[in-house]
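Trainee: Under numbering that gives the first Met the number 0, the letters of the sequence shown match residues 0 to 125, in that order. Beta carbons are placed, not taken as given, at the ideal position from N, Cα and C, and that holds for glycine. Note that this is a predicted model, so its numbers are computed, not measured. Okay, here's the structure, questions in a sec.
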Amino acid sequence: MRFLIAVLLLSLMSPLKAHQFTPTYPELTPSYIAGLYKAEMELLNIRNDVSYYKIGVFDKDWKSVPFAIIEGSKVLKIEYLDRKNIDVYIRAYDRTKAHYICSKSKILKSVKDPTIISSRICSKIK
0 MRFLIAVLLL SLMSPLKAHQ FTPTYPELTP SYIAGLYKAE MELLNIRNDV
50 SYYKIGVFDK DWKSVPFAII EGSKVLKIEY LDRKNIDVYI RAYDRTKAHY
100 ICSKSKILKS VKDPTIISSR ICSKIK
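Here it is in structure tokens:
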């Protein structure tokens, strides 16, 4: 009976999918713009069911920290198997507050598949 339950549970599990957000420990370096620091990040979309990702910067208590990216929008469209280099700019004033840079997959409301799970990957700032 245990064997049957184990086989049933294993057959019901589907492979988990996530995206890649690197580097794991980015460094904030002075930007060419006075008063701003920059972290260079790369996002790889290996999910064929998701095309949009939201970028966020957080402090040690997971409260949002103001930031900017070159594209202007904090939600980026990245097609399946595409890579995107993202420059995250943080004010010098907020540099000591920022602890994490995160990317989160965004599921469209029109997708009604109950098995789709949103993934969030965070990198800790050195």
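1) For Ser30, which option in Ile120, Gln19, Arg90 has the closest C-alpha, if you only look at C-alpha atoms?
2) Thinking C-alpha only, which one of Leu80, Lys103, Val56, Glu70 is nearest Leu27?
3) Using the Cβ count rule (16 or more neighbours within 10 Å means buried), how would you classify Ser117?
4) Please classify Tyr92 as buried or exposed, where buried requires at least 16 neighbouring CB atoms within 10 angstroms.
5) Rounded to whole angstroms, what is the Cα-Cα separation between Lys103 and Lys73?
Mentor: Answer, in terms of the structure:
1) Nearest option by C-alpha distance: Arg90.
2) Comparing Cα-Cα distances from Leu27 to each of Leu80, Lys103, Val56, Glu70, the minimum goes to Val56.
3) Taking all protein chains in view, the Cβ of Ser117 is surrounded by fewer than 16 other Cβ atoms within 10 Å, so the residue is classified as exposed.
4) With fewer than 16 other Cβ atoms from the protein chains shown falling within 10 Å of its own Cβ, Tyr92 counts as exposed.
5) One C-alpha to the other measures close to 11 Å.
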